[in-house]
Amino acid sequence: MTSNNPQTREWQTLSNDHHLAPFSDFKQLKEKGPRIITSAKGVYLWDSEGNKILDGMAGLWCVAIGYGRDELADAASKQMRELPYYNLFFQTAHPPVLELAKAIADIAPQGMNHVFFTGSGSEGNDTMLRMVRHYWAIKGQPKKKVIISRKNGYHGSTVAGASLGGMTYMHEQGDLPIPGILHIAQPYWFGEGGDMTPEEFGVWAANQLEEKILELGVDNVGAFIAEPIQGAGGVIIPPDTYWPRIKEILAKYDILFVADEVICGFGRTGEWFGTDFYDLKPDMMTIAKGLTSGYIPMGGLIVRDEVVAVLNEGGDFNHGFTYSGHPVAAAVALENIRILREEKIIERVHAETAPYLQKRLRELNDHPLVGEVRGVGLLGAIELVQDKATRKRYEGKGVGMICRQFCFDNGLIMRAVGDTMIIAPPLVITKAEIDELVTKARKCLDLTLSALQG
């Protein structure tokens, strides 16, 4: 990016000389130079050039209570002075992690009262894979190792996480997926529904799970993992017929159900968890992101009581991380959950801001570029198309990236997943800020259309 600030150029030089960025083309980034974010407050960011930017992605889906909450900084500072670190190995524990485990059990779905803590959602899904296989081995069914996931799902970027995810561009690097993980169709009607109605497609997509279970043999399948709503895949909201049919299939076969709540958890859908929104009954739930509002890294795996009862009979679970249940992260998470509860942030999302955001977003349906607007809670997606009637895309134009750049240049962060623009603003966003978001989004859609026509 062009810079008027010598300090920006200095930071970009440091980036070029020393920093390898995630999910980046290193050469391309070196030529362009990263945007340098220097401060944040509420739902806004400021870069080193002084530009004010509305963060329509809450960082990476995670800054639930907004930027600049002193309470979280104070909680971290107090804990650092009292007990900055100790591990959970060697039959030890500390108050923050125990209090946090109880706080999570209080808000989790009924019957899910135990938490294994990790440093991230990726680590949570690695933990899940090992715990599922350990569970079945304890039960005398060690062949039940296969985990079924979905194409275009996202479950992290560690070796196990990327394998569980269904993104082929990740699988192409590193000989993934690892053995024992297979993928079925995603419930993405707009992109893959063809001539089926959304209702028909939802049932068809769900039935792929049963077909895969029967193909592999029930005795070989340990679990099915899925996001309630696929986030990084493009805010894929299943048709209304999808989850009811999945629940029927899960009830029929003896396999575990894992809900990846890393994005949907902690209020994003207007409920505490996406499984609450869809009335699912998972055996395990992966959590991260909104757990600490992104202020400090932390993740975990919430486990149903019946599963824990089996694990209790299995001796050592030979798995863990140096930073599992880090006391400072636990203190921040406790304070974050307190704020979410006491300020009734999720209730406000449910009753006020989510309905308002969904109403305002759908006003963009009249734009010539927009093939569909969809959303739940404070999640939204805008499909960019060449032909509304046929859902045909622009070929080889990179429309999403064009639109994303216009957003950056006009004070809005929207993420591009192919030619789908997605948003997930902080849960504290106001109606006035939603108006600003939608106004800027329309402007950027106009600029994108003009660029395509030019």
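Heads up: the sequence shown begins at 551 in my numbering, then just goes up one per residue. Where a beta carbon is used, it is the ideal one built from N, C-alpha and C, also for glycine.
- Contact between the segment 602-618 and the segment 966-978 is present: three or more C-beta pairs spanning the two stretches fall below 8 Å.
- Exposure of Val860 is indicated by the presence of fewer than 16 other C-beta atoms within 10 angstroms of its C-beta.
- Counting along the chain, the unbroken beta strand (DSSP E) around Trp596 starts and ends at Tyr594 to Asp597.
- Minimum Cα-Cα distance from Gly706 among the listed residues Ile813, Lys802, Tyr594 and Leu890 corresponds to Ile813.
- Shown here, Leu830 sits in coil according to DSSP, grouped into three states, outside any helix or strand.
- Apart from the 5 residues on each side of it in sequence, Ile984 sits with its Cβ closer than 7 Å to the Cβ of Thr903, Tyr906, Leu907 and Arg910 in its chain, given in chain order.
- If you check the CB distance, Gly609 and Gly844 come in under 9 Å.
- Here DSSP, grouped into helix, strand and coil, assigns Ala571 to coil.
- Judged by their CB atoms, Ile932 and Glu922 are nearer to each other than the 9 Å cut-off.
- Gly711 places its beta carbon 9 Å or farther from that of Asn663.
- Rounded to whole angstroms, Met746 and Ile586 show a C-alpha spacing of 45 Å.
- Under the three-state reduction of DSSP output, Phe807 falls in the strand class.
- Taking the C-beta atoms as reference points, Gly850 is found nearer than 9 Å to Phe667.
- Annotation for His721: the continuous alpha helix (DSSP H) segment containing it runs Thr718 to His721.
- Apart from the 5 residues on each side of it in sequence, Met630 sits with its Cβ closer than 6 Å to the Cβ of Val878 in its chain, given in chain order.
- Between Lys938 and Asn960 the beta-carbon gap is near 24 Å, outside 8 Å, which marks them as no contact.
- Taking C-beta atoms under 8 Å as the contact rule, Lys695 and Arg683 qualify, at a distance of about 5 Å.
- In the DSSP assignment, Lys591 falls within the beta strand (DSSP E) that extends over Ile587 to Lys591.
- Ala966 has Met971 as its beta-bridge partners, per DSSP.
- Between Asp916 and Gly930, the alpha-carbon positions lie close to 16 Å from each other.
- Note that the segment 989-1004 touches the segment 955-969; at least 3 beta-carbon pairs, one per stretch, sit closer than 8 Å.
- A direct Cα-to-Cα measurement between Lys839 and Gly703 gives close to 17 Å.
- Assignment of Lys602 by DSSP, reduced to helix, strand and coil, places it in the strand class.
- In the displayed model, Ala1001 falls within a helix according to three-state DSSP.
- One thing to note: Arg795 has its Cβ within 9 Å of the Cβ of Gly752.
- The beta carbon of Gln758 sits closer than 7 Å to those of Ile734 and Ala735, all from its chain and outside the five residues before and after it, given in chain order.
- Cβ neighbours of Leu806 within its own chain (closer than 8 Å, five residues either side excluded): Val682, Tyr685, Gly772, Ala773, Phe774, Asp833, Met834 and Val857.
- For Gln936, the three-state secondary structure derived from DSSP is coil.
- Using a Cβ distance threshold of 9 Å, Ile889 and Phe816 do not count as a contacting pair.
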